[in-house]
Every structure is written in C-alpha cells, then in structure tokens.
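Numbering of the sequence shown is given in our numbering, commencing with residue 15 and proceeding in unit increments. Have a look at the structure below, then the notes.
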Amino acid sequence: MAKMTTSLVLGLALVATAGCAKKRPPELPPAPTETPVAADGGESSDTLAGRLNEQFKREVTSDTVHFALDQYDIDPEARAILDSQSQWLVAHPEARITIEGHCDERGTREYNLGLGDRRANAAKNYLAARGVSATRITTISYGKERPLALGSDEASWAQNRRAVTIVIN
Numbered sequence: 015m016a017k018m019t020t021s022l023v024l025g026l027a028l029v030a031t032a033g034c035a036k037k038r039p040p041e042l043p044p045a046p047t048e049t050p051v052a053a054d055g056g057e058s059s060d061t062l063a064g065r066l067n068e069q070f071k072r073e074v075t076s077d078t079v080h081f082a083l084d085q086y087d088i089d090p091e092a093r094a095i096l097d098s099q100s101q102w103l104v105a106h107p108e109a110r111i112t113i114e115g116h117c118d119e120r121g122t123r124e125y126n127l128g129l130g131d132r133r134a135n136a137a138k139n140y141l142a143a144r145g146v147s148a149t150r151i152t153t154i155s156y157g158k159e160r161p162l163a164l165g166s167d168e169a170s171w172a173q174n175r176r177a178v179t180i181v182i183n
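Dropping the structure here:
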C-alpha cells in the first residue's frame, strides 16, 4: 500500500511539473530579402510594392517616427513626419501599409511587444485621423527583436525606439 501511495504521489508530481515547462516564444517571420517576379514574367505585386515603398521613402520626410523612453505619444516632430506620410498616402489610395513598432533592448520581451504595439497603433491612429483609411493600415510589433542599432547606450536605444511605415502594395 505504501509503495502504491508513493508511486501515485510521484506520478502526480511529474504531471504537475510537466505543465510548468517553459514554452518557447513564437518564431518571428523572416525579414524580406528579394522581390519575386511573377510566373508569367510580368511584374509581381511584390515588385510593385517594392517600387511604391521606394517612392514613398523618397517623397516623404521620413518613414520612421522615434519615441522617448517608455513612451508612445506622438510629439511635434513625429506629427510633421506623419503629416508628410498621410499626404502621400492620400495621394496614393492604392497603397497599403504596415506600421512596425520597435523598442530598445531594455525591459522584458512581453513588455516591449506591448509597447511596440502601442507605438505602431499610435502612428496608425494619427494617420487615420488625417484621412488615411484605417483598413489600408496594418500594424505589427517586433518589440526588441529587430534592433536597428546594436549598441547598449542611449544613442543606440534612441534609434531603436521607433515606428516604421512600410508600403506593402
């Protein structure tokens, strides 16, 4: 009886600890590398998106808005950049965009994913308020997973606290 009780207790302990195993974080999608050509030899939608994105970068003030530490509010400098983006987007109604939210390396992964999401949505909401249809805008947060600058100093952190607008078609 004692042997059976011990086995039962050990079995329950194993089951209980198995549920506590650390789960792997989901994999992030790879960064875009090449622009494919359509099967019929014509221009694929990805090539069109690439050209629209290059035109966007040339014609707007910037494709990137920067934020202060732990902030996601749109300051006057960000307003000027987003006003330039909204003018371009209103003039190009066929263009759809993704706004990527990024953070510096400080803070937990979960906190930074949430902050990156708030940054991307702050930019989206500002563009929508300026006449860009919200249905043309998607957002994604990369948190601290895709830093622009790899240093661990204030200058690097400032570059990584950003929302980047990318034309996807």
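Each residue gets a CB set at the ideal place from its N, CA and C atoms; glycine is no exception.
- For S170, same chain residues with a beta-carbon under 6 Å away, outside a window of 5 residues either side, are A163 in chain order.
- Rounded to the nearest whole angstrom, the CA to CA distance from S166 to T19 is 54 Å.
- Positions of the beta strand (DSSP E) runs, each at least 3 residues long and wholly inside the segment 98 to 161, are given as 111 to 116 and 151 to 157 in order along the chain.
- One thing to note: F81 has its Cβ no nearer than 9 Å to the Cβ of A148.
- The Cβ atoms of T153 and N135 lie closer than 9 Å to each other.
- DSSP lists T112 as the beta-bridge partner residues of I180.
- Assigned with DSSP and collapsed to three states, V74 falls in coil, not helix or strand.
- The residues V74, L141 and T179, in chain order, have a CB closer than 7 Å to that of Q99 in the same chain once the five nearest residues on each side in sequence are set aside.
- Excluding sequence positions up to five before and after I95, its CB lies within less than 6 Å of the CB of T75, S76 and V79, all in the same chain and listed in chain order.
- Separation of R132 and T112 (C-alpha to C-alpha, rounded to the nearest whole angstrom) is 14 Å.
- Leaving aside the five residues that flank I88 on each side, the residues in its chain whose CB is nearer than 8 Å to its CB run, in chain order, V79, L96, A136, A137 and Y140.
- A Cβ-Cβ distance of about 12 Å is found for the pair G128 and Y156, leaving them out of contact under the 8 Å criterion.
- Of all alpha-carbon atoms in P161, V104, R120 and R150, the one lying nearest the alpha-carbon of R144 is that of V104.
- Excluding sequence positions up to five before and after R150, its CB lies within less than 6 Å of the CB of R110, all in the same chain and listed in chain order.
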